[in-house]
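Throughout, this note's numbering is defined as the position within the sequence shown, counted from one, plus 43. Beta carbons are placed, not taken as given, at the ideal position from N, Cα and C, and that holds for glycine.
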Amino acid sequence: MGREIERRFLVNGEGWRQPDRATPFRQGFLSTVRERVVRVRLAGGQATLTIKGPARESGFTRPEFEYPIPAADAEYLLDHLCHQPLIEKTRYRIPWQGLIWEVDEFFGENQGLVVAEVELKTEDQAVVLPPWVAMEITHDHRYSNANLVMHPFTRW
Numbered sequence: 044m045g046r047e048i049e050r051r052f053l054v055n056g057e058g059w060r061q062p063d064r065a066t067p068f069r070q071g072f073l074s075t076v077r078e079r080v081v082r083v084r085l086a087g088g089q090a091t092l093t094i095k096g097p098a099r100e101s102g103f104t105r106p107e108f109e110y111p112i113p114a115a116d117a118e119y120l121l122d123h124l125c126h127q128p129l130i131e132k133t134r135y136r137i138p139w140q141g142l143i144w145e146v147d148e149f150f151g152e153n154q155g156l157v158v159a160e161v162e163l164k165t166e167d168q169a170v171v172l173p174p175w176v177a178m179e180i181t182h183d184h185r186y187s188n189a190n191l192v193m194h195p196f197t198r199w
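Encoded structure:
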């Protein structure tokens with residue numbers, strides 16, 4: 044079974060910005076309920092369909108299943124079947140202290156939001172935070188991409 048162990052943080056400053064590591068993303072959701080999030084993503088010409096289950100109440104591990112799909116199918120799903128507005132963001136993959144941090148700079152309806160996430164092997168894995176990481180938002184559902192579709196950051 045697939046699983047995701049991830050911590051998420053708000054970001055401060057510009058020290059994370061590395062243009063050579065940037066990938067534009069378009070993503071949308073067919074389902075945004077916590078029990079079953081279904082995401083369609085187009086990033087760097089690659090398309091995926093991802094299904095996520097709920098996180099455990101005491102931690103941040105959740106079931107996750109991701110499958111490649113044709114880019115044309117993703118475009119159709121994004122434009123015709125996904126909740127609107129879509130998530131528009133640029134992702135920066137930044138190595139730091141033996142881990143890869145993914146920093147998402149949001150645009151469109153979520154302009155101004157910058158979130159960093161790091162995937163872990165275990166929930167108790169030690170993490171050295173980069174200097175540009177601020178408050179942890181792992182358990183704050185307002186910042187989930189599925190929530191940002193229904194309640195965009197610019198309307199908070």
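Go ahead and pull the three-state DSSP assignment for residue i.
{"i": "Gly96", "result": "coil"}
{"i": "Phe72", "result": "strand"}
{"i": "Pro173", "result": "coil"}
{"i": "Pro106", "result": "strand"}
{"i": "Leu120", "result": "helix"}
{"i": "Arg60", "result": "coil"}
{"i": "Glu131", "result": "strand"}
{"i": "Glu78", "result": "coil"}
{"i": "Thr181", "result": "coil"}
{"i": "Leu163", "result": "coil"}
{"i": "Leu85", "result": "strand"}
Excluding the five sequence neighbours on either side, which residues of its own chain have a C-beta within less than 6 Å of the C-beta of residue i, listed in chain order?
{"i": "Leu85", "result": "Arg69, Ala117"}
{"i": "Trp139", "result": "Pro173"}
{"i": "Thr66", "result": "Ala86, Gly87, Arg134"}
{"i": "Glu145", "result": "Arg134, Arg136, Glu160"}
{"i": "Ile94", "result": "Val81, Phe108"}
{"i": "Asp147", "result": "Lys132, Arg134, Val158"}
{"i": "Glu78", "result": "Pro97"}
If distances are taken between C-alpha atoms only, which option among the options comes closest to residue i?
{"i": "Thr133", "options": "Gln140, Gly155, Asp167", "result": "Gly155"}
{"i": "Asp63", "options": "Phe150, Leu163, Arg136", "result": "Arg136"}
{"i": "Val103", "options": "Lys164, Val83, Phe196", "result": "At residue 103 the sequence reads Phe, which differs from the Val that was named. Of the candidates Lys164, Val83, Phe196, the one whose C-alpha sits nearest the C-alpha of Phe103 is Lys164."}
{"i": "Ala90", "options": "Met178, Pro113, Gly45, Asn190", "result": "Pro113"}
{"i": "His194", "options": "Thr75, Gln168, Arg105, Val170", "result": "Thr75"}
Taking Cβ to Cβ, would you say residue i is nearer than 8 Å to residue j?
{"i": "Leu142", "j": "Val158", "result": "no"}
{"i": "Leu92", "j": "Tyr110", "result": "yes"}
{"i": "Ile48", "j": "Glu166", "result": "yes"}
For the beta strand (DSSP E) containing residue i, list its first residue and its last residue.
{"i": "Leu142", "result": "142-149"}
{"i": "Leu53", "result": "46-54"}
For residue i, which residues of its own chain have a beta-carbon under 8 Å away from its beta-carbon, when the five flanking residues on both sides are left out?
{"i": "Ile180", "result": "Arg51, Phe52, Leu53, Val158, Tyr186"}
{"i": "Phe150", "result": "Glu131, Lys132, Thr133"}
Skipping 5 residues on each side, what residues in its chain have a beta carbon closer than 7 Å to that of residue i?
{"i": "Gly56", "result": "Trp175"}
{"i": "Val83", "result": "Gln70, Gly71, Leu73, Leu92, Ala117, Leu120, Leu121, Cys125"}
Taking the alpha helix (DSSP H) that residue i belongs to, which residues open and close that run?
{"i": "Leu191", "result": "188-193"}
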